[in-house]
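Participant: Everything in the sequence shown is counted per my numbering, starting at 1411 for the first residue and increasing by one. Beta carbons are placed, not taken as given, at the ideal position from N, Cα and C, and that holds for glycine.
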Amino acid sequence: MNNCNDRRLIYPLNSKASVNRAAKNIVHALQNGNVTNEEDELIIENWRASHAHVLNTWQVIFRKRVKSRDIVFAQRLKRKNTIYDKLQRFPQMDFARMHDIAGCRLIFKNAKTLYDFVKVVHSSNFKHVLKANECKDYIKNPKESGYRGLHDVYLYQTRKGYDNSNKWNGLSVEIQYRTIYQHAWATAVEVADSLTKCRTKFSEGDRKQYKFFQLASEIIARAYENMHSCWPNLTDKELVENFLAIEDEISLLSRLKQLKAIHKADIFKKNTIIVFDIVEQGFPCSKIITFDNFQQANREYFKLEREYPKSDIVLVSTNDKQVNKSIQNAYRNYFADTTDFTAYIENGISKLLKH
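(1) How close, in whole Å, do the beta carbons of Gln1498 and Val1437 come, if the pair is a contact with beta carbons under 8 Å?
(2) Check whether the stretch 1583–1592 touches the stretch 1600–1609, counting contact only when three or more Cβ pairs, one atom from each stretch, lie closer than 8 Å.
(3) Which residues in the same chain as Leu1644 place their Cβ atom closer than 8 Å to its Cβ, once the five residues preceding and following it in sequence are excluded?
(4) Could you give the distance in angstroms between the alpha-carbon of Lys1474 and the alpha-carbon of His1461?
(5) How would you write the range of the beta strand (DSSP E) that Tyr1587 sits in, first residue to last?
(6) Contact between the stretch 1699–1719 and the stretch 1737–1750 is defined here as three or more beta-carbon pairs at a separation below 8 Å; is this criterion met?
(7) The beta strand (DSSP E) spanning Val1482 covers which residue range?
(8) Identify the continuous beta strand (DSSP E) that holds Ser1727 and give its terminal residues.
(9) Looking at the strands, I want to know which residues DSSP matches up with Val1563.
(10) For Leu1662, count neighbouring C-beta atoms within 10 Å of its own C-beta (all shown protein chains included) and say buried if the count is 16 or more, exposed if not.
(11) Let me know the alpha helix (DSSP H) ranges lying completely inside the stretch 1437–1518, each 4 residues or longer, listed in chain order.
(12) Report the rounded CA-to-CA distance for Ile1699 versus Arg1486, giving the unit in angstroms.
(13) Just checking my contact of Ser1721 with Asp1687 at CB under 8 Å: how many whole Å lie between their CB atoms?
(14) CA-CA distance, Thr1523 and Ile1481?
(15) List the endpoints of the continuous alpha helix (DSSP H) containing Ser1425.
(16) Quick one: using the 10 Å Cβ neighbour count with 16 as the cut-off for buried, is Thr1682 buried or exposed?
(17) Could you check where the alpha helix (DSSP H) with Ala1746 kicks off and where it finishes?
(18) Between the Cα of Arg1558 and those of Tyr1564, Lys1607 and Lys1546, spot the shortest distance and give me the residue it belongs to.
(19) If you draw a straight line from the C-alpha of Trp1468 to the C-alpha of Leu1654, how long is it?
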């Protein structure tokens, strides 16, 4: 059975009201230190797994557009722990409206190529509905944390056909567009959070680490993209001095430079589960499990999440012929690969000081 067909066997089995109720039950249990109900978890898992068909649809859409172009593309289903964490941070959110359960990521060499690509996508004649109010340009308007990138949200929409495709109508996908520089920064944030057990990604935790990444974002934006991030009013000299002062205190850049990226060459398949952990003495470790069949991959994904609730586990997919390159580049954080980030910072500081 091919990947396209086996995804079509997984579709929403419950109403949105039932899905929202199950999510609230789980959040209530977690907040009170109780064991979650297995029936509620199965409802959530079916809803999440149903988004695989949505991802496959967008994989088909993007495959032609990125062919023979220097654009990295990959996709993933949102991790269960990340879903539960987000529901606890936003208790008023209806789970059925969470728009980033299905996620696509495209990485470009520069901002011009990115914006040209997005313009073509937006002008395409899709049946799927672009949610204009959910489209965020964090390149022109960076987040306070220093995050930069452009996000689109589409609702799946199609007519009923022989395959009952309308069963997925209303499910959403978030599409992230980043330059290589923005992606290197975002990767470093996730790797650093894993190392230090901070939550910089969510603007929580150690404030010095948070400021480190704010300043790092500004350095990268200025040195490589002729842009600003979240500290636009500092002079180049002040920016570098502030960054080096923070680095003297926390030595985070030094720690990231010392990390040895995990290389898993030529072992990926179209459906790949990555299990990432920081083991003893702060060493990163990744386990790779590959599948040709999506249903098998999804069953194993759910099983591993239940067995190893503290591990960082993700199911990623791509139909790119260069599957190894796509997955390792798009999800560098799962391989502790911050080499680009550390190089961008060191070279960027030199560039700014020469101005």
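Facilitator: Reading off the structure:
(1) Contact holds; Cβ gap of about 6 Å.
(2) No, they do not touch.
(3) The answer, listed in chain order, is Glu1628 and Asn1652.
(4) Those two C-alpha atoms are separated by around 21 Å.
(5) Counting along the chain, the unbroken beta strand (DSSP E) around Tyr1587 starts and ends at Ser1582 to Thr1589.
(6) Flag = no, the stretch 1699–1719 and the stretch 1737–1750 do not touch.
(7) It spans Val1482 to Leu1487 - the beta strand (DSSP E) in which Val1482 sits, taken as one unbroken run.
(8) Asp1722 to Ser1727 is the extent of the beta strand (DSSP E) around Ser1727.
(9) Glu1584.
(10) Result: buried.
(11) For secondary structure counted as the alpha helix (DSSP H) over 4 or more consecutive residues, the stretch 1437–1518 holds these complete runs in sequence order: 1448–1476 and 1490–1499.
(12) Straight-line spacing of the CA atoms in Ile1699 and Arg1486 works out to 15 Å.
(13) Contact between Ser1721 and Asp1687 holds, since their C-beta atoms are separated by about 5 Å, short of 8 Å.
(14) When rounded, the distance between both Cα atoms is 9 Å.
(15) Element bounds for Ser1425: n/a, residue is neither H nor E.
(16) It is buried - the Cβ of Thr1682 has at least 16 other Cβ atoms within 10 Å.
(17) Secondary structure note for Ala1746: it is in no alpha helix (DSSP H), with a DSSP letter that is neither H nor E.
(18) Nearest to Arg1558 by C-alpha distance, out of Tyr1564, Lys1607 and Lys1546, is Lys1546.
(19) For Trp1468 and Leu1654, the distance between alpha carbons rounds to 42 Å.
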